[in-house]
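Encoded as structure tokens, the structure appears first; notes follow it.
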Amino acid sequence: MDLLPELREVLPEGRITTGEDELNRHGGGIFTYHAPHLPDAVVFPRSREEVLEVLRFADARGVPVVPFGQGSSLEGHTIPVRGGISLDLNGMDGILEIRPDDFVARVQPGVTHGRLNAALEEHGLFFPVDPGWDATLGGMAGTNASGTNAVRYGVMRDQVLGLEVALPGGTVMRTGGLAMKSSAGYGLTGLFVGSEGTLGVFTEIILRLYPIPERTLAARAVFGGIEEASRVAVATIRSGMRIGRVELVDARTIEAVNAYKGTDYPPEPTLFFEFNGSEGSVEEDVAKARGFAEEEGCVSFDFEEDEEGREKLWEARHEAGLAIRQLYGDKSPMATDVCVPISDLPAALAHARETIASRGLDGAILGHVGDGNYHAVFPVDPNDEEDLRRAEEVNAEIVDYALARGGTSTGEHGVGSGKRRHLQREHGDSLPFMLGIKRLADPNGIMNPGKIFAGTEEVREVPEESF
Ligand SMILES: Cc1cc2nc3c(=O)[nH]c(=O)nc-3n(C[C@H](O)[C@H](O)[C@H](O)COP(=O)(O)OP(=O)(O)OC[C@H]3O[C@@H](n4cnc5c(N)ncnc54)[C@H](O)[C@@H]3O)c2cc1C
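Have a look at this one:
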């Protein structure tokens, strides 16, 4: 059945494409081992009204709709596994309002965190959530993203004060508002953040902002082992200092960066710190962290204050994702994303390292260790079943270890299609409740089908080929 002519009728000229390049771009992923599947069409709405038209059209005909930001999510989130419409929201990229005195911004979903921060600088403000890709704020709200600043400022769910959501039936709902807090009924904003495009489409987002800290200092400490490095991360957090960032990369990651950038950093586990606050507090914090590092026998501890020096010092951390990608050549990276209670971190990292080695995988470990979240990344050939099985087994063992300690299978990447069975193990008892919410918001099951829920995910079978 060809529904395209009908869809073209409800949207302005030029909003729909079925060009091969765009179908391919929207049918795969940037950094993913998940098998691609093409949408039937890509739609580029420019306004809330156009999003609503698409949703009314799709809902009435059972056509899947997959919201798309930058497609940088890592678990196959934006792959339209049942075809249908990939709804690319990059054209809705207005910064609608910045309210410096209220520490609030109102944006459309296609604005990236980089662009928002560029606009905030003149107000002495910044937005802290910083995934390693210049992702859209719509996509970041979709996955409840975080990044290196989470240890101090929290995750997307902590920053989103309100949402405008276009629902599958073609209605609009607003949650939250401009106030810093609210006890008005159920916390729907928090429910929609992290819903991975399975409940509705965010057409506006209200975000919390922060003053740029008075002083920032960066440091890098090199250790003989990953456990020593992680114990220092834990000690730093436990000391109560308001650390800005603390990140860890292992020796393999440093090797990858050296190969990628032509640098010669010592190939040893390395901790990266950022301290920020007032003039006096930063000096005190650095001295304290240095003390912890020396107690664990760190090989070196360097720090930098000016912006250029700080950037250089953090280079190996900033470049880690792309360097690992390069290291694996034709293979694709599979990344675990567990988060454990902070005191379990040193043992969890040692366990991950042993598990990877025991299966002969060439894995690298890096993480936002200040909050117990780390990634073991290993290469897989998605077309080689044995390779995939081995990697899945290592992934599952690392997840089991985290779950047994009260941790989670995903600290920031979300479930998509890749972590569905882990979610089943983690939250099997609350999944029926989640599915009930899904049915209420999306009774015809058109929103990003095949994600989050494993097995019984179908709200109603959507046609295999809608177009
Ligand atoms: C090199 C690299 C580094 C990364 N580092 C991090 C990191 O440090 N921390 C981290 O959390 N992630 C990280 N990621 C993953 C990724 O950047 C995040 O998942 C990000 O939130 C995805 O944003 P996006 O704009 O690409 O969204 P997409 O991938 O396009 O979409 C993400 C999800 O949100 C849904 N969605 C998109 N827009 C909307 C909307 N307007 N309304 C409703 N739902 C919507 C989609 O359907 C999908 O389910 C990294 C990825 C790469 C490639």
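So that you can map any letter, position 424 of the sequence shown is 424 in the working numbering, and since no number is skipped, the others follow by simple counting.
By construction, the Cβ of each residue, glycine as well, lies at the ideal position given by its N, Cα and C atoms.
Buried or exposed by the 16-neighbour rule on C-beta atoms within 10 Å, applied to glutamate 458: In this prediction, glutamate 458 scores a pLDDT of 47, lower than 50, which makes its location untrustworthy; the coordinate-derived value is nonetheless stated afterwards. With fewer than 16 other Cβ atoms within 10 Å, it is exposed.
Any non-hydrogen atom of ligand 1 closer than 7 Å to isoleucine 30 Cβ: At least one heavy atom of ligand 1 lies less than 7 Å from the C-beta of isoleucine 30.
Can we say the stretch 314–330 touches the stretch 284–294, given the rule of at least three CB pairs closer than 8 Å? no
Nearest to glutamate 426 (by Cα), restricted to the options Arg8, Arg215, Ala402: Ala402
Would you mind giving the Cβ-Cβ distance between arginine 231 and glutamate 296, rounded to the nearest angstrom? I have them listed as a contact below 8 Å. 6 Å
Distance cut-off 7 Å: proline 109 Cβ against heavy atoms of ligand 1: yes
So what's proline 333 in DSSP terms, helix, strand or just coil? Three-state DSSP puts proline 333 in a strand.
Which word fits tyrosine 33, buried or exposed, when buried means at least 16 other C-beta atoms lie within 10 angstroms of its C-beta? buried
Restricting to runs no shorter than 4 residues, where is the alpha helix (DSSP H) found entirely within the stretch 281–317? Complete alpha helix (DSSP H) runs here, min 4: 307–313.
So the candidates are Asn117, Gly29, Ile226; which of them puts its Cα closest to the Cα of phenylalanine 103? If we check each option's Cα against that of phenylalanine 103, Asn117 comes out closest.
Let me know if aspartate 101 comes out buried or exposed under the rule of 16 or more other beta-carbons within 10 Å of its beta-carbon. exposed
Going by the CB atoms, is the gap between threonine 148 and arginine 245 shorter than 8 Å? A contact, by the Cβ cut-off of 8 Å.
Ligand 1 heavy atom lying under 7 Å from the CB of histidine 37: no
Quick one: using the 10 Å Cβ neighbour count with 16 as the cut-off for buried, is methionine 447 buried or exposed? buried
Report the rounded CA-to-CA distance for threonine 18 versus valine 257, giving the unit in angstroms. 38 Å
Using the Cβ count rule (16 or more neighbours within 10 Å means buried), how would you classify lysine 181? exposed
Rounded to the nearest angstrom, how far is the Cβ of glutamate 268 from that of isoleucine 254, given a contact under 8 Å? In this structure glutamate 268 is in contact with isoleucine 254, their Cβ atoms being roughly 7 Å apart against a cut-off of 8 Å.
Could you check the C-alpha separation between methionine 334 and alanine 357 for me, to the nearest Å? Those two C-alpha atoms are separated by around 15 Å.
Under a three-way DSSP split, which group does isoleucine 365 fall into? strand
Coarse secondary structure for histidine 351, derived from DSSP in three states: helix
Thinking C-beta only, is phenylalanine 44 closer than 8 Å to aspartate 88? yes
Residues near glycine 450 by beta carbon distance below 7 Å, same chain, minus five either side: Val81, Arg82, Ser417, Glu457
Within 10 angstroms of its Cβ, does leucine 96 collect 16 or more other Cβ (buried), or is it exposed? exposed
Can you find a heavy atom of ligand 1 that lies under 7 Å from the Cβ of histidine 473? In the structure displayed, the chain extends from 1 to 467; residue 473 sits before or after that span and is not available.
Continuous alpha helix (DSSP H) assignments of at least 4 residues falling wholly in the stretch 41–84: Within the stretch 41–84, the complete alpha helix (DSSP H) segments of 4 residues or longer fall at 48–61, listed in chain order.
When DSSP builds the beta bridges, which residues end up paired with aspartate 88? Phe68
Can you find the residues in the same chain that come closer than 7 Å, C-beta to C-beta, to phenylalanine 303, ignoring five residues on each side of it along the sequence? Leu217, Ala218, Ala219, Val286
Using only the heavy atoms of ligand 1, determine whether one of them is closer than 7 Å to the beta carbon of alanine 145. Answer for alanine 145: yes, Cβ within range of ligand 1.
Please list the terminal residues of the continuous beta strand (DSSP E) segment that includes proline 131. For proline 131, there is no enclosing beta strand (DSSP E), as DSSP gives it neither H nor E.
Helix, strand or coil at isoleucine 95 according to DSSP, with G and I counted as helix: strand
When you compare the CB positions of valine 63 and isoleucine 85, do they come within less than 8 Å of one another, or not? yes
Here's the rule: buried if 16 or more other CB atoms are within 10 angstroms of the residue's CB, otherwise exposed. What is aspartate 384? exposed
Identify every run of the alpha helix (DSSP H) within the stretch 167–242, keeping only runs that are complete inside it and at least 4 residues long; order them along the chain. 188–192, 226–238
Please classify valine 10 as buried or exposed, where buried requires at least 16 neighbouring CB atoms within 10 angstroms. exposed
If I'm right that alanine 352 touches isoleucine 365 with Cβ under 8 Å, what's the distance once you round it to whole angstroms? 6 Å
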